[in-house]
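Scroll down for the structure; my scribbles are underneath it.
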Amino acid sequence: MPTILFADDELHFIEGLIETVKAEGYSVLTCRDASKAIAITTTRKVDCLIIDIMMDPGKDLQNENPQIAGLIAIEKILKVRPRQSIVCYSVVSDPEILRGLKKRGVLYLRKAETSAEAAWRIIESKATGLLRAR
Amino acid sequence: MATPPKSVDEQLLELRAEVSRLRKERDNAEKSKTEYMQNVAHQLAAPINAIKMNIDSFKNPKIPVGRKTVLLNSVYCQGTILAHLIKNFSFMSHLEAEHNLDSFREKPEEVDIYLLCVNFANDFQPTASFKDQKIVVLQDDFQKHRRPKVWVIKNLLSQVVYNLFENATKYADADSTITVGMDSDATSVTLKFRNVGAPISESEAERIFNRGERGDSAKALNPAGTGFGLYIARRIMEIHNGSLSVMTQGRTSEFRMKCPRRALT
Numbered sequence: 816m817p818t819i820l821f822a823d824d825e826l827h828f829i830e831g832l833i834e835t836v837k838a839e840g841y842s843v844l845t846c847r848d849a850s851k852a853i854a855i856t857t858t859r860k861v862d863c864l865i866i867d868i869m870m871d872p873g874k875d876l877q878n879e880n881p882q883i884a885g886l887i888a889i890e891k892i893l894k895v896r897p898r899q900s901i902v903c904y905s906v907v908s909d910p911e912i913l914r915g916l917k918k919r920g921v922l923y924l925r926k927a928e929t930s931a932e933a934a935w936r937i938i939e940s941k942a943t944g945l946l947r948a949r
Numbered sequence: 009m010a011t012p013p014k015s016v017d018e019q020l021l022e023l024r025a026e027v028s029r030l031r032k033e034r035d036n037a038e039k040s041k042t043e044y045m046q047n048v049a050h051q052l053a054a055p056i057n058a059i060k061m062n063i064d065s066f067k068n069p070k071i072p073v074g075r076k077t078v079l080l081n082s083v084y085c086q087g088t089i090l091a092h093l094i095k096n097f098s099f100m101s102h103l104e105a106e107h108n109l110d111s112f113r114e115k116p117e118e119v120d121i122y123l124l125c126v127n128f129a130n131d132f133q134p135t136a137s138f139k140d141q142k143i144v145v146l147q148d149d150f151q152k153h154r155r156p157k158v159w160v161i162k163n164l165l166s167q168v169v170y171n172l173f174e175n176a177t178k179y180a181d182a183d184s185t186i187t188v189g190m191d192s193d194a195t196s197v198t199l200k201f202r203n204v205g206a207p208i209s210e211s212e213a214e215r216i217f218n219r220g221e222r223g224d225s226a227k228a229l230n231p232a233g234t235g236f237g238l239y240i241a242r243r244i245m246e247i248h249n250g251s252l253s254v255m256t257q258g259r260t261s262e263f264r265m266k267c268p269r270r271a272l273t
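Residue numbers (the numbering used here), protein chains in the order written: chain A, 816 to 949; chain B, 9 to 273.
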């Protein structure tokens, strides 16, 4: 059963998507800060990481800027696991940030502008390796 | 001896320095304004998006009925949260001016403060459960004081209670318990919102009630925030001739909301 990790400090705002992924039979893990996202993704198999940009940096990144803690986590995860499937799920839509994500092969989904069904299909494709952003 | 007059060059240099200082000030003000607007937009958008997503997911036949009930409950709670967020912004203009209770459309009434706390505790429970937090309204405290009533504008006092619950769930540690207790004497009732989580330093304890101010650990934990919640809450309490303060010790914070039993007399 593929495992999806949701890293978001406001998990209650993405409850609908989490329920959708669970209902499809996927195993769901959650964490609320960027440090934990790094710890989990680099120590166990996560088929797809869904991560926000603005979030609590957590213990290991406590001096980092919370406005971009998710991006810092992505950077660090890709250094250890360059082929990790990642979907950046955020309301932050700065074109420069989006270009940076694209360059790293990270798919960006804008919160609220993607339906639960569409978001699920994209996550499923990333988790099963059918969709490659590179 | 009189100071010799400054040369034209010296005066020009001073003026240039002043222009440069003013430019920096203007740029900082612009930056703060932009950040503030982004935070307001983020705070309003988040619950709306959650409601949209939950309704969308509700249509999925694969999600079991039991989980759908959870989603519906979440929609209701997000709606409540959104309504109070919007109220926070609309209260700003009222509260900035020197208003008293008579300036508000609603009139003061007798409010069962225990019931108010229990209702909000229920509204925040779904949010809290995502962090495995428990919200406990200490019933014994209220019973001991015979469930005191306060004479307030219910809508305004609800906003204070809402803002304190919101803060507590945002900044309390995961897997911790948020308690709401109370104390009272002949003239006032004090609600005590206690949580263990983001520490508030001694120097921040007064500053966090200023308009737009947020504590350092609060900023790190939750980047999107306007710094209005506590400011509004304190202003509302002042209008009721009450007070709002915080006692901190390490990672424990206790917000004390003191409300006169009869604010208008």
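Ideal placement from N, C-alpha and C gives every residue a C-beta, glycine not left out.
Item to check | Status (buried if at least 16 other CB within 10 Å, exposed otherwise) for Ala-58 of chain B | outcome: In the second sequence, counting from the first residue as 1, residue 58 of chain B sits at position 50. By the neighbour-count rule (16 or more Cβ atoms within 10 Å), Ala-58 of chain B is buried.
Checklist entry - For Val-906 of chain A and chain B, any beta-carbon pair shorter than 8 Å? => result In the first sequence, the residue the question calls residue 906 of chain A occupies position 91. By this cut-off, Val-906 of chain A is an interface position.
Item to check | Collapsed DSSP secondary structure at Arg-949 of chain A in the structure displayed | outcome: Here residue 949 of chain A refers to the residue found at position 134 when the first sequence is read from its first residue. Unreliable positioning characterises Arg-949 of chain A in this predicted model, as indicated by a pLDDT of 42, which lies under 50. A coordinate reading is not provided.
Checklist entry - Looking at the structure shown, is Lys-874 of chain A part of a helix, part of a strand, or coil, going by DSSP? => result For the purposes of this step, residue 874 of chain A is taken as residue 59 along the first sequence, with counting starting at 1. In the structure shown, Lys-874 of chain A sits in a helix (DSSP, three-state: H, G or I).
Checklist entry - What residues in the stretch 58-73 of chain B bring their beta carbon closer than 7 Å to a beta carbon of chain A? => result Ala-58, Lys-60, Met-61, Asn-62, Asp-64, Ser-65, Asn-68, Lys-70, Ile-71
Next on the checklist: Going by beta-carbon coordinates alone, are Gly-201 of chain B and Ala-176 of chain B separated by less than 8 Å?
Outcome noted: Reading the second sequence from its first residue, position 193 is the one you call residue 201 of chain B. Reading the second sequence from its first residue, position 168 is the one you call residue 176 of chain B. The amino acid at residue 201 of chain B is misidentified as Gly; the sequence shows Phe. Yes. Within cutoff.
Checklist entry - Which word fits Gly-258 of chain B, buried or exposed, when buried means at least 16 other C-beta atoms lie within 10 angstroms of its C-beta? => result Start at 1 with the first residue of the second sequence, and residue 258 of chain B comes out as number 250. Label assigned to Gly-258 of chain B: exposed.
Checklist entry - What is the DSSP secondary structure of Met-265 of chain B, counted as helix, strand or coil? => result The residue labelled residue 265 of chain B in the question sits at position 257 within the second sequence. The answer is strand: DSSP assigns Met-265 of chain B an E or B state.
Checklist entry - Does any CB atom of chain B fall closer than 8 Å to the CB of Phe-828 of chain A? => result One-based indexing of the first sequence puts residue 828 of chain A at position 13. Yes - at least one Cβ of chain B is within 8 Å of the one on Phe-828 of chain A.
Item to check | Proximal residues of chain A, C-beta to C-beta of Phe-138 of chain B below 7 Å | outcome: The residue given as residue 138 of chain B occupies position 130 in the second sequence. In chain order: Leu-826, His-827.
Next on the checklist: Would you call the stretch 92-106 of chain B in contact with the stretch 143-159 of chain B, where contact means no fewer than 3 C-beta pairs closer than 8 Å?
Outcome noted: no
Checklist entry - Between Glu-114 of chain B and Trp-159 of chain B, is the Cβ-Cβ spacing less than 8 Å? => result Sequence index remark: in the second sequence, residue 114 of chain B carries index 106 (1-based). Sequence index remark: in the second sequence, residue 159 of chain B carries index 151 (1-based). Against a cut-off of 8 Å, the Cβ pair of Trp-159 of chain B and Glu-114 of chain B comes out as no contact.
Item to check | Glu-210 of chain B, DSSP secondary structure in three states | outcome: Reading the second sequence from its first residue, position 202 is the one you call residue 210 of chain B. Of the three classes helix, strand and coil, the one that applies to Glu-210 of chain B here is coil, per DSSP.
Checklist entry - Any residues in the stretch 905-927 of chain A with a beta carbon nearer than 8 Å to a beta carbon of chain B? Which ones, in chain order? => result Val-906, Lys-926, Ala-927
Checklist entry - Closest to Gln-141 of chain B by CA distance: which of B:Ile-161, B:Ser-225, B:Gly-205, B:Leu-165 is it? => result One-based indexing of the second sequence puts residue 141 of chain B at position 133. The residue with the shortest Cα to Cα distance from Gln-141 of chain B is B:Gly-205.
Checklist entry - In its own chain, which residues sit with a C-beta less than 6 Å from the C-beta of Ser-15 of chain B, not counting the 5 before and 5 after it? => result As a position in the second sequence, residue 15 of chain B is number 7, starting the count at 1. Once the five neighbours on either side are set aside, Ser-15 of chain B has no close Cβ partner at all.
Next on the checklist: Assess contact between the stretch 176-192 of chain B and the stretch 240-252 of chain B, defined as three or more Cβ pairs (one per stretch) separated by less than 8 Å. Is contact present?
Outcome noted: no
Next on the checklist: Can you pull the chain A neighbours of Ala-228 of chain B, defined as C-beta to C-beta under 8 Å?
Outcome noted: Residue mapping note: residue 228 of chain B aligns to position 220 of the second sequence, counting from 1. Within chain A, the residues near Ala-228 of chain B are Asp-871, Pro-872, Gln-877, Pro-881.
Item to check | Neighbouring residues, chain A, relative to Leu-90 of chain B (Cβ below 8 Å) | outcome: On the second sequence, position 82 is the one that residue 90 of chain B refers to. Neighbours of Leu-90 of chain B on chain A: none; closest Cβ ~11 Å, over 8 Å.
Checklist entry - So which residues on chain A does Thr-135 of chain B lean against when the C-beta distance must stay under 8 Å? => result Position 127 of the second sequence holds residue 135 of chain B. By Cβ distance, chain A contributes His-827.
Checklist entry - Does the distance from the C-beta atom of Ala-53 of chain B to that of Val-907 of chain A stay below 8 Å? => result Numbered from 1 along the second sequence, position 45 holds the residue referred to as residue 53 of chain B. Numbered from 1 along the first sequence, position 92 holds the residue referred to as residue 907 of chain A. Contact: no.
Next on the checklist: Buried or exposed, going by whether 16 or more other CB atoms sit within 10 Å of the CB of Glu-834 of chain A?
Outcome noted: Along the first sequence, one-based indexing puts residue 834 of chain A at 19. Under this definition Glu-834 of chain A is a buried residue.
Next on the checklist: Residues of chain A with CB closer than 9 Å to the CB of Arg-75 of chain B, please, in chain order.
Outcome noted: If you number the second sequence from 1, residue 75 of chain B lands on position 67. Ordered by position in chain A, the residues that pass the 9 Å Cβ test against Arg-75 of chain B are Glu-834, Lys-837, Ala-838.
Item to check | Neighbourhood of Glu-932 of chain A by C-beta distance below 8 Å, restricted to the same chain and skipping five residues each side | outcome: On the first sequence, position 117 is the one that residue 932 of chain A refers to. Result list for Glu-932 of chain A: Thr-835, in chain order.
Item to check | Interface positions of the stretch 845-865 of chain A facing chain B (Cβ-Cβ less than 9 Å), listed along the chain | outcome: Thr-845, Arg-847, Asp-848
Item to check | Cα-Cα separation, Phe-828 of chain A to Phe-112 of chain B | outcome: Locating residue 828 of chain A in the first sequence gives position 13, counting from the first residue. Locating residue 112 of chain B in the second sequence gives position 104, counting from the first residue. Taking the straight line joining both Cα atoms gives about 33 Å.
Checklist entry - Is any beta-carbon of chain A found at less than 8 Å from that of Ser-304 of chain B? => result Summary: the structure shown does not reach residue 304 of chain B, with chain B confined to residues 9 through 273, and so no result is reported for it.
Item to check | Option nearest Asp-191 of chain B by Cα separation, candidates B:Ile-63, B:Pro-268, B:Ser-82 | outcome: The residue labelled residue 191 of chain B in the question sits at position 183 within the second sequence. Nearest C-alpha to Asp-191 of chain B: B:Pro-268.
Checklist entry - Which residues in the same chain have their Cβ closer than 6 Å to the Cβ of Pro-817 of chain A, if we skip the five residues on either side of it in sequence? => result Counting from 1 along the first sequence, the entry for residue 817 of chain A is found at position 2. So the qualifying residues of the chain are Tyr-841, Asp-862, Ala-942.
Checklist entry - From which residue to which residue does the alpha helix (DSSP H) around Ile-312 of chain B run? => result A query on residue 312 of chain B cannot be resolved here, the shown segment of chain B reaching from 9 to 273 and no further.
Checklist entry - From the beta carbon of Ala-822 of chain A, is the nearest beta carbon of chain E less than 8 Å away? => result In summary, chain E is missing from the structure at hand, where the protein chains are A and B.
Next on the checklist: Using beta carbons (cut-off 8 Å, strictly below), is Ala-942 of chain A in contact with chain B?
Outcome noted: Counted from its first residue, the first sequence places residue 942 of chain A at position 127. Taking Cβ atoms only, chain B never reaches closer than 8 Å to Ala-942 of chain A, which makes this a no.
Checklist entry - Using the rule of at least 16 other Cβ atoms within 10 Å of the residue's Cβ for burial, across every protein chain shown, is Arg-154 of chain B buried or exposed? => result The residue you call residue 154 of chain B lines up with position 146 of the second sequence. So Arg-154 of chain B ends up on the exposed side.
Item to check | Where Asp-110 of chain B falls: helix, strand or coil (DSSP) | outcome: The residue given as residue 110 of chain B occupies position 102 in the second sequence. Asp-110 of chain B falls in the helix class under three-state DSSP.
Checklist entry - Around the C-beta of Gln-51 of chain B, are 16 or more other C-beta atoms found within 10 angstroms, so that it is buried, or is it exposed? => result On the second sequence, position 43 is the one that residue 51 of chain B refers to. Buried, since its Cβ has 16 or more Cβ neighbours within 10 Å.
Item to check | Proximity winner among A:Glu-830, A:Ser-900, A:Thr-857, A:Lys-926, relative to Met-869 of chain A (alpha-carbon distances) | outcome: Within the first sequence, numbered from 1, the residue matching residue 869 of chain A stands at position 54. Residue A:Lys-926 is the option with its Cα nearest to Met-869 of chain A.
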